[in-house]
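K.L.:
Before I ask anything, let me first share the structure, which is written out below as structure tokens.
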Amino acid sequence: MTLRIGNFSGFYGDRFDAPHEMLTGGEVDVLTGDYLAELTMLILARDRLKDPSAGYARTFLRQLEQTLGLAHERGVRIVTNAGGLNPAGLADAVRALAARLGVPVRVAHVEGDDLTARYPGSLAAHAYLGGFGIAACLREGADIVVTGRVTDAALVTGPAAAHFGWTPADHDRLAGAVVAGHVLECGAQATGGNYAFFGEGGVSLRPGFPLAELHEDGSSVITKHPGTGGFVDVGTVTAQLLYETGGARYAGPDVTARLDIVRLSQDGPDRVRVEGVRGEAPPPTLKVGLNRLGGFRNEVVFVLTGLDIEAKADLVKEQMGEALAKSPPAGVRWELARTDRPDAGTEETASALLRLVVRDPSQEAVGRVLSGAAIELALASYPGFHVLAPPGKGSPYGVFEDVYVPQGDVDHVAVLHDGRRVTVDAPHDTAVLDDVPPPALPEPLPPGPARRAPLGLVAGARSGDKGGNANVGVWVRSDDAWRWLAHALTVERFRELIPEARELPVTRHVLPRLRALNFLVEGILGEGVAAQARFDPQAKALGEWLRSRHLDIPEALL
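Under this note's numbering, the first residue of the sequence shown carries the number 14, and numbering increases by one thereafter.
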């Protein structure tokens with residue numbers, strides 16, 4: 014008995030036609046759509062400030078208008094967290110849409126994640142719920158289930174638990190579904206999108222969306238519809254498995270999955286078997302994501318062209334420093350990006366970018382003060398003075414942080430299609446999350462000739478954000494490469510290659526079965542993506558930067 018669960022959205026703004034593609038491209042039993050991220054919750058919170066009836070992903074309704082009848086005809090159920098901050102509102106909107114279209118569907122929703130009232134000063138505070146509220150809705154006949162903030166993997170664990178009759182005590186099975194859900198959650202990232210070795214499977218302009226063939230024992234096969242773009246292999250699945258994770262234990266509200274025990278194998282073209290997953294009792298607490306207004310920010314980017322780039326940068330820094338000193342913002346940050354080249358053939362490639370970002374609790378302190386100081390330099394600074402765009406009046410930025418509450422303190426409720434309310438109990442068995450003891454490393458490669466070369470010639474990487482932290486998963490595709498990587502890429506070497514991390518806590522987690530290392534860098538993203546603390550605020554390209562760095566690599570691997 015196999016349950017085919019597909020994904021049609023990895024974020025709010027993903028490919029609009031994906032639901033139709035998934036419904037018409039092949040067999041599928043359940044379609045899931047993930048719309049929520051830390052930044053999305055802040056965006057929806059600001060929407061709700063303007064309109065109390067808002068707070069959900071309106072795009073989902075437009076997608077559903079085109080596909081609801083087709084899904085009903087084919088008996089495909091839809092589960093989505095597009096409800097955001099207002100799942101009841103979206104459920105009502107779906108019912109109204111279905112009535113207008115004349116499609117008889119049963120719509121249920123899950124609530125209880127909204128804890129904003131408990132945290133004064135927050136714009137949104139939401140607990141990450143598990144999948145058993147979704148399961149309760151599906152078991153009672155719902156065709157569409159709308160949730161708020163659940164874990165991304167819950168969109169898969171819920172349908173799987175309903176279909177196979179799993180209970181909260183089925184830790185191994187639930188862990189298998191968590192792994193499958195984590196692979197599916199970011200859409201085309203599992204089918205060759207954003208993949209380190211993207212050219213090897215044939216460049217695809219339009220990768221298909223992934224699906225999992227889930228089995229009763231929790232094992233699965235990750236694949237995609239026939240004829241769709243992209244590709245699925247052990248590498249693409251490994252990359253997504255490492256994305257935004259930490260150590261060997263991947264904790265969620267339903268179960269803690271052991272990533273160090275996962276086994277991946279190629280099961281044919283565009284098919285990767287996932288098995289051997291083991292689960293443990295979930296933690297006694299739930300993560301709560303707090304979003305609040307951090308203040309106001311403004312920025313200006315000065316263009317420095319031609320010769321004497323450093324001297325030009327020093328001049329404008331000093332000039333702006335004098336001007337800002339009269340009414341200094343709370344935070345001032347300069348970054349010089351040396352995008353210039355010597356003897357360049359175009360003015361653009363002869364230019365470097367000097368970025369100034371200011372922050373303050375007051376909008377006035379980052380608005381007129383900055384714009385006036387920058388514009389007044391137009392005829393009185395370095396030769397060739399100009400900026401990419403004049404600074405504005407300053408815009409609000411958000412701050413994200415995690416807090417934790419006991420699982421039993423959250424009222425997890427499934428609101429069924431007929432209005433009945435079913436309380437979802439917190440798990441009886443829980444276990445405090447501890448690190449797994451470090452595994453034994455493989456025997457190092459014997460000494461031999463080495464060549465200075467980019468790490469990316471032998472290793473893939475994928476990176477992402479969790480609040481103010483970033484993770485960088487690095488993997489290789491042969492046993493010999495693993496024997497080298499496990500010893501060569503230490504925390505100390507990582508800090509050498511990523512200078513931003515030199516003064517930050519860095520933890521290395523070893524995952525031998527995946528031939529992978531996962532580095533957690535604490536604080537590199539400041540107060541989270543909405544605070545825009547760095548050039549790449551979500552650390553999406555941190556792994557690619559690491560792959561571009563040079564170190565001594567055995568010639569036998571090159």
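Beta carbons are placed, not taken as given, at the ideal position from N, Cα and C, and that holds for glycine. This one's a predicted model, so the numbers in the text were calculated from it and none came from an experiment.
Might you give, ordered along the chain, the residues of its own chain that have their beta carbon closer than 8 Å to the beta carbon of residue 139, omitting 5 neighbours on each side?
P.N.:
As a working note, residue 139 is residue 126 in the sequence shown. Same-chain partners within the cutoff: 54, 98, 126, 127, 128, 129, 161, 162, 301, 302.
K.L.:
Would the stretch 178 to 190 and the stretch 470 to 479 be scored as touching if the rule is three or more Cβ pairs under 8 Å?
P.N.:
no
K.L.:
Name the residue from 468, 59, 448 whose alpha carbon lies nearest to the alpha carbon of residue 273.
P.N.:
For the purposes of this step, residue 273 is taken as the residue at position 260 of the sequence shown. Residue 273 has its Cα closest to that of 448, out of 468, 59, 448.
K.L.:
Pick helix, strand or coil for residue 279, following the three-state DSSP scheme.
P.N.:
For this step, residue 279 is matched to residue 266 along the sequence shown. Reduced to three states, the DSSP call for residue 279 is strand.
K.L.:
Please go through the same chain and pick out, in chain order, the residues whose beta-carbon is closer than 7 Å to the beta-carbon of residue 323, but skip the five residues on each side of it.
P.N.:
Mapped onto the sequence shown, residue 323 falls at position 310. Hits under 7 Å: none found.
K.L.:
What is the DSSP secondary structure of residue 565, reduced to helix, strand or coil?
P.N.:
Numbered from its first residue, the sequence shown carries residue 565 at position 552. In this structure, residue 565 counts as strand in the three-state DSSP scheme.
K.L.:
Threshold first: 4 residues or longer. Then list the alpha helix (DSSP H) segments lying entirely within the stretch 379 to 420, N to C.
P.N.:
381 to 388
K.L.:
Enumerate in chain order the residues of its own chain whose CB-to-CB distance from residue 13 is below 6 Å, with the five nearest sequence positions on each side excluded.
P.N.:
The chain is shown only over 14 to 571; residue 13 falls outside these bounds and no answer can be derived.
K.L.:
Opposite residue 117 in the DSSP bridges: which residues?
P.N.:
Along the sequence shown, read from residue 1 onward, the residue named residue 117 stands at position 104. None, per the DSSP bridge assignment.
K.L.:
Assuming residue 329 contacts residue 345 (C-beta within less than 8 Å), just tell me the rounded distance between them.
P.N.:
As a working note, residue 329 is residue 316 in the sequence shown. As a working note, residue 345 is residue 332 in the sequence shown. No, residue 329 and residue 345 are not in contact; Cβ-Cβ is about 13 Å, not under 8 Å.
K.L.:
Kindly indicate the opening and closing residues of the alpha helix (DSSP H) around residue 573.
P.N.:
Any question about residue 573 goes unanswered here, given that the chain covers just 14 to 571.
K.L.:
So, do the stretch 80 to 87 and the stretch 46 to 60 have three or more beta carbon pairs nearer to each other than 8 Å?
P.N.:
no
K.L.:
Which residues bound the beta strand (DSSP E) around residue 427?
P.N.:
Here residue 427 refers to the residue found at position 414 when the sequence shown is read from its first residue. For residue 427, the enclosing beta strand (DSSP E) has its first and last residue at 426 to 428.
K.L.:
For the alpha helix (DSSP H) holding residue 80, just list the boundary residues, first then last.
P.N.:
Reading the sequence shown from its first residue, position 67 is the one you call residue 80. 71 to 87 is the extent of the alpha helix (DSSP H) around residue 80.
K.L.:
If I'm right that residue 413 touches residue 541 with Cβ under 8 Å, what's the distance once you round it to whole angstroms?
P.N.:
Taking the first residue of the sequence shown as position 1, residue 413 is located at position 400. Taking the first residue of the sequence shown as position 1, residue 541 is located at position 528. Yes, they are in contact, since the Cβ atoms of residue 413 and residue 541 sit about 3 Å apart, within 8 Å.
K.L.:
Exposed or buried, what is residue 237 when buried is set at 16 or more other beta-carbons lying within 10 Å of its beta-carbon?
P.N.:
For the purposes of this step, residue 237 is identified with residue 224 of the sequence shown, where counting begins at 1. Result: buried.
K.L.:
Count Cβ pairs between the stretch 223 to 234 and the stretch 92 to 111 that sit closer than 8 Å; are there 3 or more?
P.N.:
no
K.L.:
Can you have a look at residue 507 and say buried or exposed, based on whether 16 or more other CB atoms are within 10 angstroms of its CB?
P.N.:
Your numbering for residue 507 matches position 494 in the sequence shown. By the neighbour-count rule (16 or more Cβ atoms within 10 Å), residue 507 is buried.
K.L.:
What residues in its chain sit with their C-beta under 7 Å from that of residue 66, if we drop five residues either side in the sequence?
P.N.:
On the sequence shown, position 53 is the one that residue 66 refers to. 102, listed in sequence order.
K.L.:
For the candidate residues 293, 493, 520, 260, whose alpha-carbon lies nearest to that of residue 504?
P.N.:
Start at 1 with the first residue of the sequence shown, and residue 504 comes out as number 491. Of 293, 493, 520, 260, the residue nearest in Cα terms is 520.
K.L.:
Can residue 400 and residue 313 be called in contact, C-beta distance under 8 Å?
P.N.:
Start at 1 with the first residue of the sequence shown, and residue 400 comes out as number 387. Start at 1 with the first residue of the sequence shown, and residue 313 comes out as number 300. Yes. Within cutoff.
K.L.:
When you compare only the Cα positions, how much space is there between residue 424 and residue 334?
P.N.:
For the purposes of this step, residue 424 is identified with residue 411 of the sequence shown, where counting begins at 1. For the purposes of this step, residue 334 is identified with residue 321 of the sequence shown, where counting begins at 1. Counting only the Cα atoms, residue 334 lies some 52 Å from residue 424.
K.L.:
For the stretch 232 to 246 against the stretch 254 to 270, do three or more pairs of beta-carbon atoms, one drawn from each stretch, fall closer than 8 Å, so that the two count as touching?
P.N.:
no
K.L.:
I need the straight-line Cα distance from residue 465 to residue 454, nearest angstrom please.
P.N.:
The sequence position of residue 465 within the sequence shown is 452, counting from 1. The sequence position of residue 454 within the sequence shown is 441, counting from 1. Approximately 24 Å, taken between the alpha carbons.
K.L.:
State yes or no: is the C-beta of residue 492 within less than 8 Å of the C-beta of residue 570?
P.N.:
Walking along the sequence shown from the start, residue 492 turns up at place 479. Walking along the sequence shown from the start, residue 570 turns up at place 557. Against a cut-off of 8 Å, the Cβ pair of residue 570 and residue 492 comes out as no contact.
K.L.:
Among the residues of its own chain, which have a CB less than 8 Å from the CB of residue 578, if the five just before and after it don't count?
P.N.:
The requested residue 578 is not part of the displayed model; the chain covers only 14 to 571.
K.L.:
Taking C-alpha atoms, which residue in 406, 248, 545, 559 lies nearest to residue 526?
P.N.:
The residue you call residue 526 lines up with position 513 of the sequence shown. Nearest C-alpha to residue 526: 248.
K.L.:
Under 8 Å, do residue 174 and residue 145 count as touching if we go by C-beta distance?
P.N.:
Position 161 of the sequence shown, counted from the first residue, corresponds to residue 174. Position 132 of the sequence shown, counted from the first residue, corresponds to residue 145. Yes, the pair counts as a contact, with Cβ atoms nearer than the cut-off.
K.L.:
Since residue 166 and residue 198 should fall inside the 8 Å C-beta cutoff, what is the C-beta to C-beta distance between them, to a whole number of angstroms?
P.N.:
Residue 166 sits at position 153 when you count from the first residue of the sequence shown. Residue 198 sits at position 185 when you count from the first residue of the sequence shown. Confirmed, Cβ separation roughly 7 Å.
K.L.:
Can you tell me where the alpha helix (DSSP H) with residue 574 in it begins and where it stops?
P.N.:
Lying outside 14 to 571, the shown extent of the chain, residue 574 is not represented and no answer is given.
K.L.:
When we look at the beta-carbon of residue 277 and count the other beta-carbons within 10 Å, is it buried (16 or more) or exposed?
P.N.:
On the sequence shown, residue 277 is found 264 positions in, with the first residue counted as 1. It is buried - the Cβ of residue 277 has at least 16 other Cβ atoms within 10 Å.
K.L.:
Residues bridged to residue 495 by DSSP?
P.N.:
Residue numbering aside, residue 495 sits at position 482 when the sequence shown is read from its first letter. DSSP lists no partner for residue 495.
K.L.:
Report yes or no: do the stretch 526 to 539 and the stretch 415 to 435 share at least 3 C-beta pairs separated by less than 8 Å?
P.N.:
In short, these stretches do not touch, since the Cβ pair count stays below three.
K.L.:
Quick check on DSSP: helix, strand or coil for residue 516?
P.N.:
Here residue 516 is taken as the residue at index 503 of the sequence shown, counted from 1. Secondary structure at residue 516: coil, using DSSP grouped into helix, strand and coil.
K.L.:
Measuring alpha carbon to alpha carbon, tell me which of 373, 374, 534, 135 ends up nearest residue 477.
P.N.:
Here residue 477 corresponds to residue number 464 of the sequence shown, with the count starting at 1. Residue 534 is the option with its Cα nearest to residue 477.
K.L.:
For residue 548, count the other beta carbons within 10 Å of its own beta carbon; 16 or more makes it buried, fewer makes it exposed. Which is it?
P.N.:
Along the sequence shown, read from residue 1 onward, the residue named residue 548 stands at position 535. Looking at its Cβ environment, which holds fewer than 16 other Cβ atoms inside 10 Å, residue 548 is exposed.
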